[in-house]
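Number of protein chains: 2
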Amino acid sequence: MNIDMIRAAAQRLEGHARVTPLLNSPFIDEIAGRRVWVKPECLQRTGSFKFRGGWSALSALDPDIRASGVIAFSSGNHAQGVAHAATLHGVPPVIVMPSDAPALKIANTKALGAEVVLYDRGSEDRDRIGSQLAEERGLTLIRPFDEPQVIAGQGTTGLEIAAQAAAQGVTKADVLVCCGGGGLTSGIALALEADAPDMRVRPVEPEGFDDVTRSLRSGGIERNNRVSGNICDAIITPQPGDITFPIMQRLCGPGLVVSEEDALHAMAQAFLRLKVVAEPGGAVALAAALCRQDQIEGDDVIVTISGGNVDPDIFARSLATLK
Amino acid sequence: MNIDMIRAAAQRLEGHARVTPLLNSPFIDEIAGRRVWVKPECLQRTGSFKFRGGWSALSALDPDIRASGVIAFSSGNHAQGVAHAATLHGVPPVIVMPSDAPALKIANTKALGAEVVLYDRGSEDRDRIGSQLAEERGLTLIRPFDEPQVIAGQGTTGLEIAAQAAAQGVTKADVLVCCGGGGLTSGIALALEADAPDMRVRPVEPEGFDDVTRSLRSGGIERNNRVSGNICDAIITPQPGDITFPIMQRLCGPGLVVSEEDALHAMAQAFLRLKVVAEPGGAVALAAALCRQDQIEGDDVIVTISGGNVDPDIFARSLATLK
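Residue numbers (the numbering used here), protein chains in the order written: chain V, 1 to 323; chain F, 1001 to 1323.
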């Protein structure tokens, strides 16, 4: 896993994934007490950064192997990213999803051409289900984060951040990344190590699901006690990955943790000031910039919005915080 | 008013205005029955394309004249675009707004650094107030659309559309533009005449406020009977401009007209499928692509989203259409 893989992924993604812009707002700067630069991956194809990793992984497969089909397990965004990348490659995707995933994400994944297999998050092991289906049908498993070509794809976000921030004169900043298993976080960290070495990546997680933050603190992989029951579902995983954690341990600063209310507040600011739709899990990094100012260093902070696949009812809850 | 002015404006805007991406979604394509490419100027600074015209006009002024300050009349997007462009130039903006404008818009315009002068719609003449202030203080008036350097700035949107569409292999399409006084519409039309001559610009307006559509049909300037009472307030003006209309007459195809309900429906699809926030007036072009398929030609259609400055209550109404 290295920067050359990320640069190669960027070449494969060119013309297929979107180069998302870097947004800012004087109103958000004022709340945050520093300049805030926002990388809205909610504007990526399928509404999250996951399309990058999906396309990277699909396009890196041997064509004969790829033609047999792929499988992924995901709460939603990886599902859509892989499903769309696969069908655009002419490959049939099978997606294993938790039965409590947002209805919108399940419906979208089906509509993007995937065969969806549901499982119970509390009682069943998605890794085992995925591996078994892959073996039975000769499918290639595209892991959501602990997969080098997926990390390489997510890392292309970091190449863009480095270039777009430099164009604004910003070369030194904390870079807050919405963090589940660490694919986006470790990918961006590797990209910035090469292209913006004065930047420091910091994972941001929801309260009660701060496995990466605790793992970085203890120096060993820590697990979450539970993996459901939070509106930030998109970025909740049992524990950091075996590939992603050592990268994060080497390159990342301390994690940050925000509440569900903080995430809803950040979604509302993204609506009001940036005109983008963030899902709760996708808003935690912006939430940290807005609500954890004293834990952040420097005049500039860069935040990812990792996705925008949110049900209208939850979005309406965020709008209600503006009253 | 010519393409060279638009190209010169593009140079002045570089690094200051955002290059907004070109978005699409297979779900929106399916509703529309053709490929739909969306230029989301809601992601522009200050939340609408008006920043382009504001920056273009400010940056084109003689520095000595500019230093004395600028003035604009607006209760909406032009106010914010000019105010932000002016303060970024170190120039004090005066914005004349009706005292019954929404408190949030007044607050935002002030927060962007403007001196806001309120007038009473019922008893005071804003033109007299503006002229008097301009004369007393030596301020330059920045008109909202009938102003060559403003049109040149809005036209830079068209240069980007031509390049971004060509990168997707699209050189022939109807280009639907949310239309008020015609600054954006005529600017894009001039840009595409030069850079994408097989594209055809078509203005889109709200039902009951279709002055441009009727003017194009009759061949002379037609007025609206009223200028308020529609949620698409951002794109309602009394009549097309003296500069913009001849350009539209020469270059544009027939206008399209949509209802308030169509606009709310399009806002909901922009939320759901593109993850961007559109205001009602900013959603009329997308609404036409979704609801007026039989009046549009070709396999591809390009639509602008002109702005995203919408109150949460109205946005919630659009979300409710998804139920």
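Where is the CB? At the ideal position from N, CA and C, for every residue including glycine.
Residues near residue i by beta carbon distance below 8 Å, same chain, minus five either side
| i | result |
| --- | --- |
| V:Arg35 | Asn24, Asp29, Val170, Asp299, Asp300, Val301 |
| F:Ile1236 | Gly1180, Pro1206, Phe1209, Asn1224, Val1227, Ser1228, Asn1230, Gly1281 |
| F:Val1150 | Gly1053, Gly1054, Ser1056, Ala1057, Ile1142, Arg1143, Pro1144, Gly1183 |
| F:Thr1213 | Pro1203, Glu1205, Pro1254, Gly1255, Leu1256, Val1257 |
| F:Thr1244 | Phe1145, Asp1146, Ile1151, Gly1181, Gly1182, Gly1183, Thr1185, Ser1186 |
| F:Thr1156 | Ile1006, Ala1009, Ala1010, Leu1013, Ala1017, Arg1052, Ser1056, Gly1187, Ala1191 |
Alpha-carbon to alpha-carbon, residue j and residue i
| i | j | result |
| --- | --- | --- |
| F:Ala1072 | F:Ser1306 | 19 Å |
| V:Ala44 | F:Ser1131 | Just to set this straight, residue 44 of chain V is Gln in the shown sequence, not Ala. Approximately 47 Å between the Cα atoms of the pair. |
| V:Val303 | V:Leu286 | 6 Å |
| V:Lys110 | V:Glu222 | 34 Å |
| F:Pro1254 | F:Pro1203 | 7 Å |
| F:Ala1162 | F:Asp1195 | 6 Å |
| V:Pro63 | V:Leu133 | 20 Å |
| V:Pro144 | F:Cys1252 | 48 Å |
| V:Ala289 | F:Val1284 | 34 Å |
| V:Ile296 | V:Ala32 | 10 Å |
| V:His84 | F:Glu1014 | 34 Å |
| V:Ser218 | F:Glu1160 | 49 Å |
| F:Pro1238 | V:Leu192 | 52 Å |
| V:Lys323 | F:Ile1247 | 44 Å |
| V:Ala173 | V:Met199 | 5 Å |
| V:Asp146 | V:Arg7 | 18 Å |
| F:Ala1320 | F:Ala1079 | 30 Å |
| F:Gly1047 | V:Phe271 | 10 Å |
| F:Thr1087 | V:Gly153 | 39 Å |
| V:Ala101 | V:Ile129 | 17 Å |
| V:Pro92 | V:Gly113 | 7 Å |
| V:Ala326 | F:His1089 | Residue 326 of chain V is absent from the model: chain V starts at 1 and stops at 323. |
Neighbour list for residue i in chain F, Cβ cutoff strictly below 9 Å
| i | result |
| --- | --- |
| V:Val277 | Ala1270, Phe1271, Leu1272, Leu1274, Lys1275, Val1276, Val1277 |
| V:Leu43 | Pro1021, Leu1023, Pro1040, Leu1043, Leu1274, Lys1275, Val1276 |
| V:Gly76 | None at all; the shortest Cβ gap to chain F is about 14 Å. |
Identified DSSP bridge partners for residue i
| i | result |
| --- | --- |
| V:Phe73 | V:Val96 |
| V:Thr304 | V:Lys39 |
| F:Thr1140 | F:Val1070 |
| F:Val1201 | F:Val1175 |
| F:Ser1048 | F:Gly1307 |
| V:Pro206 | V:Val258 |
| F:Leu1118 | F:Met1097 |
| F:Val1276 | V:Val276 |
| F:Leu1023 | F:Val1038 |
Chain F contact residues for residue i, given Cβ-Cβ distances below 8 Å
| i | result |
| --- | --- |
| V:Ala167 | Gly1015 |
| V:Met316 | Checking the sequence shown, residue 316 of chain V turns out to be Ala, not Met. Within chain F, the residues near V:Ala316 are Ala1316, Leu1319. |
| V:Gly308 | Lys1275 |
Residue i: contacting residues in chain V (beta-carbon distance under 7 Å)
| i | result |
| --- | --- |
| F:Gly1033 | Simply none; closest approach about 16 Å. |
| F:Leu1290 | By Cβ distance, chain V contributes nothing, its closest Cβ being about 17 Å from F:Leu1290, past 7 Å. |
| F:Pro1312 | Leu319, Leu322 |
| F:Arg1018 | Pro21 |
| F:Gly1047 | Lys275 |
Per-residue contacts from residue i into chain V (C-beta, under 8 Å)
| i | result |
| --- | --- |
| F:Leu1112 | Pro26 |
Sequence-distant residues of the same chain with beta carbon closer than 6 Å to residue i, five excluded per side
| i | result |
| --- | --- |
| F:Ile1142 | Ala1057, Val1070, Ala1072, Val1082 |
| F:Gln1164 | Leu1022 |
| F:Arg1012 | Ser1059 |
| F:Gly1054 | Gly1081, Val1082, Ala1085 |
| F:Val1175 | Met1199, Val1201, Ile1302 |
| F:Phe1027 | Arg1273 |
| F:Asp1004 | none |
Other residues of its chain near residue i: CB distance less than 7 Å, five sequence neighbours each side excluded
| i | result |
| --- | --- |
| F:Val1065 | What sits at residue 1065 of chain F in the sequence shown is Ile, not Val. Closer than 7 Å at the Cβ level, and outside the excluded window around F:Ile1065, lie Thr1140. |
| V:Ile51 | Per the sequence presented here, residue 51 of chain V reads as Phe, with Ile not at that position. Ala17, Gln44, Arg45, Gly81, His84, Ala85. |
| F:Val1019 | Glu1160 |
| V:Pro240 | Gly181, Gly182, Asp211, Val212, Ser215, Ile221, Met248 |
| V:Gln293 | Ala32, Gly33 |
| F:Ser1075 | Met1097, Pro1098, Ala1101, Lys1105 |
| F:Glu1041 | Thr1020, Ser1048, Phe1049, Thr1157, Thr1304, Ile1305, Ser1306, Gly1307 |
Discussion item. With a threshold of 8 Å, are at least 3 pairs of Cβ atoms found where one atom belongs to the segment 1176-1195 of chain F and the other to the segment 1099-1116 of chain F?
Written reply: no
Worksheet item: Is there contact here, the segment 1128-1148 of chain F with the segment 1262-1269 of chain F, by at least three beta-carbon pairs under 8 Å?
Response: no
Worksheet entry | Stretch-stretch touch, CB-based, cutoff 8 Å, three pairs: the segment 86-100 of chain V with the segment 110-126 of chain V | yes
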